[in-house]
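A short write-up of the structure that comes next.
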Ligand SMILES: [Zn+2]
């Protein structure tokens, strides 16, 4: 039986088919097609006789979406998983880590936690590091909170602060990114999480996360961590990592 992995992110949606290998079926703007996504997925399930899992940029507890601050609207599916969890699950498999923190930085900031090879969910929402309070400037976050990490270093926040898309900044002078207060706050937050969980590695993905320099990240994190706790820092440049993780979860179950 083939499996479908769907990545519904704040900006783009990708769909992969997973049988013996991964095949990229679709890539489109989430905003433009959000009302059609259920139908598209339903049609693909029929066409391939496939079971699907949807990786969503959303806070999910017991299969229910509590909040999806970076999605244009909430859509319901049978099998859903937080997109950063899908990413981290895929990264753990691909890179061979059993205790791993995955950070996705795109429109927002998500995180997934893998403990002993399995997704750790807590009561469901574990890993929402993007919405921890890190600043003191009163910056409003899309979730309704204030001074959250995402309000300093999520894609939307970088655009707001610099007037540019992160992509343009990376192309012009990426040092601008590393000098941002948000980058320092991100490093600090990862150091704290690593002290708490003693991860083997922290893997970065997403449109922005995958472009960060692992050397700059190491340098930034090492300022805030005892050396004994320093995890390996990896960037995973695979735009389909969330969709692939979702497809593997569709196959193996949660
Ligand atoms: Zn927030």
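In my numbering, the protein residues as written are 64 to 317. From the three backbone atoms N, C-alpha and C, an ideal C-beta is built for every residue, glycine too. Here the structure is a predicted model, which means the values were calculated and not measured.
Reduced DSSP category for residue 144 - H, G, I as helix; E, B as strand; rest coil: strand
Closer than 7 Å: residue 68 CB and nearest ligand 1 heavy atom: no
Status (buried if at least 16 other CB within 10 Å, exposed otherwise) for residue 110: exposed
beta-carbon residue 176 near ligand 1 non-hydrogen atom, thresh 7 Å: no
Spatial distance of residue 112 from residue 125 (CA atoms): 26 Å
Cβ neighbour criterion (16 or more within 10 Å) applied to residue 136: exposed
Where the beta strand (DSSP E) containing residue 124 begins and where it ends: 122–124
Assigned secondary structure, residue 74 (DSSP; H/G/I helix, E/B strand, else coil): coil
Cβ distance (whole Å) where residue 66 is taken to contact residue 114 below 8 Å: 6 Å
Any non-hydrogen atom of ligand 1 closer than 7 Å to residue 208 Cβ: yes
heavy atom of ligand 2 below 7 Å from residue 213 C-beta: Only ligand 1 can be found as ligands here, which leaves ligand 2 out of the picture.
Option in 134, 108, 79 with minimal Cα separation from residue 98: 134
Coarse secondary structure for residue 250, derived from DSSP in three states: helix
Separation of residue 107 from residue 297, as counted between CA atoms: 33 Å
For residue 163, the nearest candidate out of 170, 169, 181 (CA to CA): 181
Cβ-Cβ separation, residue 170 to residue 147 (assumed contact under 8 Å), whole Å: Actually they are not in contact, since the Cβ atoms of residue 147 and residue 170 sit about 12 Å apart, beyond 8 Å.
Residue 197 CB to nearest heavy atom of ligand 1 below 7 Å: no
Length of the line joining the Cα atoms of residue 93 and residue 313: 21 Å
Limits of the unbroken alpha helix (DSSP H) element including residue 305: 304–315
Residue 204 Cβ short of 7 Å to ligand 1 heavy atom set: yes
Pairwise C-alpha distance: residue 273 and residue 233: 11 Å
Rounded separation between residue 100 and residue 127 - CA only: 18 Å
Which residues DSSP lists as bridging residue 116, in chain order: 68
In chain order, each beta strand (DSSP E) run of at least 3 residues that lies wholly inside the region 208–288: 264–268
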